[in-house]
Amino acid sequence: MAVVLTACSSSSSTSPATLDGLGSIQYTLDPTRQDVQTYDVNSTNYTVLSVEDANGYRWMLSIPAGALLATQKLTMTAFSTIDRSQSQSGITSGVKLEPDGLFFINAARLMVTPPHGIKRKVGLMFNLSQNQNDQNRMDVALAPTENTDTMAYSDLWHFSGEGYGDNYSDDALATLLNMAKEDYQNAVAAAKLFITNPAPAPPAPPAISMFCRFTEVNPENGEAYEFTKEFISPYEDILNVLASTIKTFQLLGANDQDVNEGYTLLLQVAQKAEKSIMDPGGTYTSETPPDHLYAIIQTALHIAKRVALLGGDTSASLTTITAWEEYIRNYYLDQLKNTHDYRAFPIIITLEKWVELLGGENRLADIMSAMTFEVVVDTSFNATWTDSQGKAQATGSVTQHADVKELTDELRSPDFLWGSPTGGNMVLTSTGGSFTDSGGTVQLAGQKDTSSLWLLNWDACVTKSFDVRLTLVASENNESNTITVAASNAALKDYYWEGAAAFMFTVPMTNKDPNLGHQKRFSGSSSVENIFTGNGWVDISIVHTPK
10 MAVVLTACSS SSSTSPATLD GLGSIQYTLD PTRQDVQTYD VNSTNYTVLS VEDANGYRWM
70 LSIPAGALLA TQKLTMTAFS TIDRSQSQSG ITSGVKLEPD GLFFINAARL MVTPPHGIKR
130 KVGLMFNLSQ NQNDQNRMDV ALAPTENTDT MAYSDLWHFS GEGYGDNYSD DALATLLNMA
190 KEDYQNAVAA AKLFITNPAP APPAPPAISM FCRFTEVNPE NGEAYEFTKE FISPYEDILN
250 VLASTIKTFQ LLGANDQDVN EGYTLLLQVA QKAEKSIMDP GGTYTSETPP DHLYAIIQTA
310 LHIAKRVALL GGDTSASLTT ITAWEEYIRN YYLDQLKNTH DYRAFPIIIT LEKWVELLGG
370 ENRLADIMSA MTFEVVVDTS FNATWTDSQG KAQATGSVTQ HADVKELTDE LRSPDFLWGS
430 PTGGNMVLTS TGGSFTDSGG TVQLAGQKDT SSLWLLNWDA CVTKSFDVRL TLVASENNES
490 NTITVAASNA ALKDYYWEGA AAFMFTVPMT NKDPNLGHQK RFSGSSSVEN IFTGNGWVDI
550 SIVHTPK
């Protein structure tokens, strides 16, 4: 199909010239200014073709996902020369779109941008058919065209002039209807043969581990998509051709009764694909790890959607697919809970969502219970306060211990912390030390200081670490806390996070070990001349205690 850009018949016109004055055109193509693209029926992206002719006119065709029923090669070629001697139109540029006769389910958009903008109303014209008196020329007709200051565009439903004029005679329409009927009958025969023959041999599903899935360690590389594409290809070849012939036959006048058999065969082909994926899928439900099942599930869901759209019953298939999803989810939950394979989190939350979307068993509470931790904190701090002459005014040292149990995450945004949102969950008990000032010496053993601890920034795959955030300012006014606060601010200032008013310690993980992490130790020292000297350390151990 050739498309050309034409100006209005005069500068004062509000619409392009009438059909009676358009005549016909002759053109040559410029093969060096051509774009060839393949529309992928399985893609969710737009397919775009674009060319620019020698005079700077830029043409672009944008085809949305779902516009065609089959994978299709498309070509756009710019005109090299235009002979408009037999036309009264002001044609300035054109392109040829191929293949001829292509129909769209959803409209494509054709746009042209002249090099100097649009200063007067223009229109797009499409060829209808060969001129009856000169087979080397094309009759043309106007298409509904929108204008802006920079471009003109029109929505296309087919690569033909049909619908933009009434030049087809009754005989021509009858011929087209017979051709469409023949194509439909051939597609029906091919579908019947396909259904009778054994199912095509399926490809082997790829093994896709869910450990660290969708991270840079185990990224999404389209393996499941490629498997689905290869599996359904022989079925789609039959389905798309048959569906396309049904659509064309109906557009040219066929009624529902004429194509009933075709719709029945569409469903039967889709159900054959459904059976072909469901039967072997069950063989992977005893596999550990169930890495081949993921691609099987994605393909089965794709086919079930097609069956449902064609009016088929997918309840049995969806029940089985849900059980497969649960099997994968349960496997990774078991690995997290019983073998301490921390790489299963947080992808297991995604697996849980997939199960719930299909109406499966909700085990979110079990997952969060499996992500329960105990944190043991030991500290030691020393502090000396001096006067302006450097003479000690007070000194103190303290060792403390805290054991924070059952730290859980309730998926509270935005930080998703393990631990109480209000804090106050850590009690540091002094195990020794003393504090001396002008009032005497106080032994610190047994003093208790209540503060807060949280876990956050879980990453078992890339950094392989877990962060511990804690505050050391206690609610009690004990000498032990006086030492701890002063000495920690001096000794551990490199670990202090101003935004959270707390210390942040990153603890490396050890996978498949209940003693998830132990960092020994975070330490430091600092002094301000004639004011203060402090040093100390913090030991942190994280233990996985799934419930």
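Per our numbering, residue 10 is the first one in the sequence shown, and the count goes up by one each step.
Just so it is clear, CB atoms sit at the ideal spot from N, CA and C, and this is done for glycine as well.
Since this is a predicted model, take the numbers as computed values, not measurements.
Query	Result
Sheet register partners of ARG372 (DSSP bridge)	Per DSSP, none; premise fails for ARG372.
Rounded straight-line distance, which links the Cα of THR388 to that of ASP396	27 Å
Nonlocal neighbours in the same chain, by C-beta distance under 7 Å from ALA509, ignoring five residues either side	ARG478
Beta-carbon spacing of PHE112, LEU186 below 9 Å	no
Sequence-distant residues of its chain with Cβ nearer than 7 Å to PHE203 (five each side left out)	ILE247 and VAL278
Distance between beta carbons of HIS301 and ALA216, contact taken as under 8 Å	6 Å
Residue of LEU261, LEU345 and VAL384 minimising C-alpha distance to VAL552	VAL384
Same chain, Cβ closer than 6 Å to GLU538, neighbours up to 5 away in sequence not counted	none
Identity of the residue in LEU261, GLY320 and PHE240 nearest PRO289 by Cα	PHE240
Under the three-state DSSP convention, the category LYS362 falls into	helix
Inter-residue CB distance, ASP62 and ALA87 (contact presumed, cutoff 8 Å)	4 Å
Buried/exposed call for ASP418, threshold 16 Cβ in 10 Å	buried
C-beta contact flag for LEU78 and ASN249 at 9 Å	yes
DSSP state of LEU260 mapped onto helix, strand, coil	helix
Pair within 9 Å by beta-carbon distance, SER439 and ASP412	no
7 Å CB neighbourhood of ILE549 in its chain, flanking five on each side removed	VAL384, VAL386, VAL477, PHE514, VAL516 and GLN528
Three-way DSSP call (helix, strand, coil) for ASN524 in this model	coil
Coarse secondary structure for ILE540, derived from DSSP in three states	coil
Cβ-heavy atom distance, PHE168 to the ligand NAD, below 8 Å	In the structure on display, the ligand NAD does not appear, and there are no ligands present to speak of.
Rounded Cβ spacing between PHE3 and GLY545 (contact assumed at less than 8 Å)	With the chain covering 10 to 556 only, the question about residue 3 has no answer from this structure.
Beta-bridge pairing of GLU296 - partner residues as DSSP gives them	Beta-bridge pairing links GLU296 to no other residue.
Nonlocal neighbours in the same chain, by C-beta distance under 6 Å from THR294, ignoring five residues either side	TYR336
Pairwise C-alpha distance: ILE114 and ILE305	29 Å
Cut-off 8 Å between Cβ atoms - residues of its own chain near ALA454, not counting five sequence neighbours on either side	SER439, THR440, GLY441 and GLY442
Where VAL60 sits in the DSSP three-state scheme	strand
Enclosing beta strand (DSSP E) for GLU91 [first to last residue]	According to the sequence displayed, residue 91 carries Ile and not Glu. 81 to 92 is the extent of the beta strand (DSSP E) around ILE91.
Which of helix, strand or coil DSSP assigns to PRO355	coil
Neighbourhood of LEU276 by C-beta, 8 Å cutoff - its chain only, sequence neighbours within 5 removed	VAL316, LEU319, GLY320 and GLY321
Given SER532 as reference, the closest of ASP503, GLY432 and THR184 once Cα atoms are compared	ASP503
Buried/exposed call for SER497, threshold 16 Cβ in 10 Å	buried
ASP192 versus THR154 - alpha carbon distance	33 Å
Candidates GLY405, LEU465 and THR450: closest to VAL494 by CA position	GLY405
Whole-Å CB distance - TRP463 paired with TRP427, under 8 Å assumed	6 Å
Neighbour flag for LYS284 against chain D, beta carbons, 9 Å	Within the model displayed, chain D is absent; a lone protein chain is all it includes.
Cβ neighbour criterion (16 or more within 10 Å) applied to VAL121	buried
Buried or exposed by the 16-neighbour rule on C-beta atoms within 10 Å, applied to SER484	exposed
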